[in-house]
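A short write-up of the structure that comes next.
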Amino acid sequence: MDLPARQRSLREHNLAVVMRLVARNAPLSRAAIAAQSGLTRATVSAIVDELIAGGLVTEVSPPPPNGAGRPATGVVLSGATPAGLGMEINVDYLAVCVLDLAGNVRHRAHLTADQRGRTPSQTWSGLGALARAAHKAAVAQGLSIAGATVALPGLVSEQTVRIAPNLGWTETPIPAHIDGVPLSGGNEANLAALGELHALPGSEPSSFVYVSGEIGIGAGLVVNGQLFTGTQGWAGELGHVTVDPAGPDCTCGSRGCLEQYAGEDAIRSLSGLPSADLPRAAAEGSPPVLAALAQAGTALGVALSSAVNLLDLPCVVLGSHLAPLAPWLSPAIEHELQQRVLTSRWSTLEVRPSALGADAAIIGAARTVTSAIITSPAPYLASR
Ligand SMILES: [Zn+2]
């Protein structure tokens, strides 16, 4: 459409207003959208028609009427085109998912494979194969992949992995495309925290620290419904908070970091059972595993109490490998928080497992693609 700049930006603004309303409160009738947005009925109808033509929203039949008059159809986010591709490279697995605009996972794959000892290009090509299969599965369901985001266990900036200690990557570029789709990268814990934020019921702004990781440990900080990323996007390196200055050497070059006590390998090595299935051994009451989990829980509690004292967060979410271990970790974490958080006398701190478990990072990564379309639909519509 060839419109003067002011008219164009007004149209873009109205598209975004209607999209966000539908994303938050669907199904909404056109009349309800007009009432809630303050736009005229005619403007809302034109905008909704444009969003329907672009495949972003669709109209559904109303529930049976309970009063007089013709019931209005409801506008909802489309379960057809477009979709986001979320991916994860972690130390011992690769994973992908396809998420539609309405937030449904439409395809998911997980490949257990140790990435240590592989070159970055071998890892990217493994991920590329998963992306190709996901893309194919999406197209077969009538979806089109609008973009891709990959979650990485390290510091990411300017399309580069600055350092991922447990992968052995430094200054590793992230490809601009994967299987022909534009690709961006982000920190695994931050993306998992975003996934968790969207999975929470209700529209109350939430605040929590999401503890993530597999071999390593990271954290995503959500404050009043917003991800807190620090000045360079690098906040949340909880795994390298010192628990004991005289503790064991860490892959980062420091000593006594949290991940040397609470990383998956660390818990196994503390238990003296290097190949233990930790949740199963804990459920069976294995004394060395229970002792290692108590030690990991204490270390987590010590590190987390510093985070809570600094940031005033009411909730700790245990993600990835920590989620199934929550029943055995939580008592020690809660004990340390009780002892060390100054405000614990006046407020209760919740410690709970993640709602999304191991899929939080891939879902959060795919969300960055779908959220960008919901927040600002005009560029997507123009690109079609
Ligand atoms: Zn460290």
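Taking the numbering used here, the leading residue of the sequence shown gets 1, the next gets one more, and so forth. Ideal Cβ placement from N, Cα and C applies to all residues, glycine included.
query	result
Considering residue 296, what are the terminal residues of the alpha helix (DSSP H) in which it resides?	287-311
Is it true that the segment 215-223 meets the segment 370-382, where meeting means three or more beta-carbon pairs spaced less than 8 Å apart?	no
Distance check for residue 286 and residue 371, CA to CA, integer angstroms please.	44 Å
Suppose only complete runs of 4+ residues qualify. What are the alpha helix (DSSP H) ranges in the segment 12-55, listed by chain order?	30-37, 41-53
Got a sec? Which residues, its chain only, sit under 8 Å from residue 156 by beta carbon, not counting five neighbours each side?	162, 174, 185, 186, 187, 233
Return helix, strand or coil for residue 346, following the three-state DSSP convention.	coil
According to DSSP, simplified to helix, strand and coil, what is residue 273?	coil
Would you report the Cα separation of residue 332 and residue 310, rounded to the nearest angstrom?	20 Å
Does the segment 223-232 come within contact of the segment 164-171, defined as at least 3 CB pairs closer than 8 Å?	no
Check the Cβ-Cβ distances between residue 381 and every residue of chain C, and say whether any is below 8 Å.	Absent here is chain C; the protein component of the structure consists of one chain.
Quick check: residue 299 and residue 236, are their CB atoms within less than 8 Å of each other?	no
Could you give the residue range of the beta strand (DSSP E) that holds residue 99?	93-100
Confirm the yes/no value for this check: CB of residue 321, any heavy atom of ligand 1, distance under 7 Å.	no
Comparing C-alpha positions only, which one of 248, 133, 341, 294 sits nearest to residue 326?	294
Which whole-angstrom value describes the C-beta separation of residue 208 and residue 97, a residue pair presumed to lie in contact below a C-beta threshold of 8 Å?	Actually they are not in contact, since the Cβ atoms of residue 208 and residue 97 sit about 22 Å apart, beyond 8 Å.
Using a Cβ-based criterion (distance less than 7 Å to any ligand heavy atom), does residue 254 qualify as near ligand 1?	yes
Looking at the structure shown, is residue 115 part of a helix, part of a strand, or coil, going by DSSP?	coil
So residue 251 is in the alpha helix (DSSP H); what residue range does that whole segment cover?	Taken as a continuous stretch (DSSP letters only), residue 251 belongs to no alpha helix (DSSP H), as it is neither H nor E.
Please state the DSSP three-state secondary structure of residue 73.	coil
Closest by CA to residue 137, which one among 120, 100, 118?	100
Look at residue 385 and residue 181 and say whether their C-beta atoms are less than 8 Å apart.	Since the first and last residues shown for the chain are 1 and 384, residue 385 lies out of range.
Are the CB atoms of residue 48 and residue 30 within a distance shorter than 8 Å?	yes
For residue 123, which option in 94, 192, 191, 353 has the closest C-alpha, if you only look at C-alpha atoms?	94
Who are residue 169's beta bridge partners in DSSP?	164
Need the endpoints of the alpha helix (DSSP H) that residue 191 sits in, please.	188-199
Counting pairs of beta carbons, one from the segment 359-370 and one from the segment 189-200, are three or more of them closer than 8 Å?	yes
Which of the three DSSP states is assigned to residue 207 in this structure?	coil
Which of the three DSSP states is assigned to residue 157 in this structure?	strand
Beta strand (DSSP E) containing residue 227: first to last residue?	226-228
Pick helix, strand or coil for residue 314, following the three-state DSSP scheme.	coil
Under DSSP, the beta strand (DSSP E) around residue 58 begins and ends at which residues?	57-60
Cβ of residue 264 within 7 Å of any heavy atom in ligand 1?	no
Would you say the beta carbon of residue 259 comes nearer than 7 Å to a heavy atom of ligand 1?	yes
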